[in-house]
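So the protein sequences, as listed, match chains V and Z.
Counting from 129, one number per residue, gives the positions in the first sequence under this note's numbering.
Counting from 88, one number per residue, gives the positions in the second sequence under this note's numbering.
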Amino acid sequence: EPEVTQTPSHQVTQMGQEVILRCVPISNHLYFYWYRQILGQKVEFLVSFYNNEISEKSEIFDDQFSVERPDGSNFTLKIRSTKLEDSAMYFCASIRDSNQPQHFGDGTRLSIL
Amino acid sequence: KNEVEQSPQNLTAQEGEFITINCSYSVGISALHWLQQHPGGGIVSLFMLSSGKKKHGRLIATINIQEKHSSLHITASHPRDSAVYICAVRLGTYKYIFGTGTRLKVLA
Chain V
129 EPEVTQTPSH
139 QVTQMGQEVI
149 LRCVPISNHL
159 YFYWYRQILG
169 QKVEFLVSFY
179 NNEISEKSEI
189 FDDQFSVERP
199 DGSNFTLKIR
209 STKLEDSAMY
219 FCASIRDSNQ
229 PQHFGDGTRL
239 SIL
Chain Z
88 KNEVEQSPQN
98 LTAQEGEFIT
108 INCSYSVGIS
118 ALHWLQQHPG
128 GGIVSLFMLS
138 SGKKKHGRLI
148 ATINIQEKHS
158 SLHITASHPR
168 DSAVYICAVR
178 LGTYKYIFGT
188 GTRLKVLA
């Protein structure tokens with residue numbers, strides 16, 4: 129069965145550095161999402177992406193964050209200048225259409241030192 | 088106040104027991120999802136509901152739109168059902184709000 133893949137599985141970065149998290153959604157999917165989960169807390173919606181543009185974003189998704197689908201297969205989340213509080217698990221998800229359940233990647237654990 | 092509330096927060100059951108996890112929400116939604124998060128962190132989608140009831144194997148999910156309430160039932164629970172079960176609601180087409188999850192432990 130096709131899967132959503134995320135790389136790397138664990139990223140350790142110094143505070144203030146830029147980080148790019150990568151996701152390869154399922155190939156015929158059209159809607160893409162990023163979520164984060166701080167350790168011990170609930171999953172939080174960051175952003176959704178459809179038709180090559182952001183369709184919805186949360187209050188968390190400020191100017192430090194950006195998303196791209198640079199080549200038709202990858203879907204990336206960039207954090208420009210990381211803070212300690214960005215330490216979390218970041219999940220990517222995709223769906224074919226809005227009537228389908230989401231397929232999640234295994235997540236990238238981001239640790240900011 | 089959280090827009091999505093789940094109960095109970097923690098649940099321990101004996102193998103074979105019937106389990107119910109509840110989700111209440113306070114916002115207008117277009118769909119509700121039940122998700123399972125394994126100890127390693129991976130998330131699997133179990134159900135997407137906009138009305139009525141769905142069944143898959145030993146899992147049953149129901150939703151009452153008027154009462155803004157959904158339940159996830161597990162029949163004949165098994166230790167492999169041990170996980171965190173998360174209710175998530177979709178607002179419109181694109182935005183989701185997640186509950187805090189119910190941690191289920193099923194003892195052999």
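A virtual CB, placed ideally from N, CA and C, is assigned to each residue, including glycine.
Would you identify the three-state DSSP class for Arg167 (chain Z), choosing helix, strand or coil? helix
Report the partner residues of Ser139 (chain V) according to the DSSP bridge assignment. In the sequence on display, residue 139 (chain V) carries Gln and not Ser. Note: Gln139 (chain V) sits in a beta bridge opposite V:Leu238.
Quick check on Gln220 (chain Z): buried or exposed, where buried means 16 or more other Cβ atoms within 10 Å of its Cβ? The shown model of chain Z, from 88 to 195, leaves out residue 220 (chain Z), and the question about it has no answer.
Are any of the Cβ atoms in chain Z nearer than 7 Å to that of Val152 (chain V)? no
Using Cβ-Cβ distances below 9 Å, what residues of the segment 167-185 of chain Z are close to chain V? Ile173, Ala175, Arg177, Leu178, Gly179, Thr180, Tyr181, Lys182, Tyr183, Ile184, Phe185
Can you name the start and end residues of the beta strand (DSSP E) that Lys211 (chain V) belongs to? Element bounds for Lys211 (chain V): n/a, residue is neither H nor E.
Could you name the residues of the same chain whose beta carbon sits closer than 7 Å to that of Arg121 (chain V), not counting the 5 residues immediately before and after it, in chain order? Here chain V comprises residues numbered 129 to 241, so residue 121 (chain V) is not present and cannot be evaluated.
Partners in chain Z for Val195 (chain V), counting only beta-carbon separations shorter than 9 Å: Those within 9 Å of Val195 (chain V) in chain Z number zero; the least Cβ separation is about 13 Å.
Bounding residues of the beta strand (DSSP E) (the contiguous stretch that carries Asn151 (chain Z)): 146-151
Grouping DSSP H, G and I as helix and E and B as strand, with all else coil, what is Arg224 (chain V)? coil
Taking only beta carbons into account, state which residues of the segment 122-136 of chain Z come closer than 9 Å to chain V, listed in chain order. Leu122, Gln124, Gly127, Gly128, Gly129, Ile130, Val131, Ser132, Leu133, Phe134, Met135
Beta strand (DSSP E) containing Gly168 (chain V): first to last residue? Unbroken run through Gly168 (chain V): none, as it is neither H nor E.
DSSP-derived helix/strand/coil call for Ile188 (chain V): coil
For Thr187 (chain Z), decide whether its Cβ has a neighbour in chain V, counting only Cβ atoms nearer than 7 Å. yes
Strictly below 9 Å CB to CB, what residues from chain V border His120 (chain Z)? Pro229, Gln230
Beta-carbon separation of Ile116 (chain Z) and Tyr172 (chain Z) under 7 Å? no
Per DSSP, what kind of secondary structure is Leu158 (chain V) in: helix, strand or coil? coil
I want to verify the contact list: residues of chain Z whose CB lies under 9 Å from the CB of Glu168 (chain V), in sequence order. Contrary to the premise, residue 168 (chain V) reads as Gly rather than Glu in this sequence. Correct list: empty, because the minimum Cβ distance to chain Z is about 10 Å.
Going straight from the alpha carbon of Ser222 (chain V) to that of Phe232 (chain V), what length do you get? 7 Å
So if DSSP puts Ile116 (chain Z) in a beta bridge, which residue, or which two residues, is it bridged to? According to DSSP, which records beta bridges pairwise, Ile116 (chain Z) is partnered with nothing at all.
Please determine, among Z:Ala148, Z:Ile152, Z:Gly144, Z:Tyr112, the residue with the shortest C-alpha to C-alpha distance to His165 (chain Z). Z:Gly144
Taking the alpha carbon of Val86 (chain V) as the point to measure from, which residue in V:Asn179, V:Phe177, V:Phe160 has its own alpha carbon closest? An answer regarding residue 86 (chain V) cannot be provided, because it is not within the stretch 129 to 241 covered by chain V.
Please check the pair Ile106 (chain Z) and His160 (chain Z), which I expect to be a contact at CB under 8 Å, by giving their CB distance rounded to whole angstroms. 7 Å
Given that a residue counts as buried once 16 or more other Cβ atoms are within 10 Å of its Cβ, and exposed if not, what is Gln153 (chain Z)? exposed
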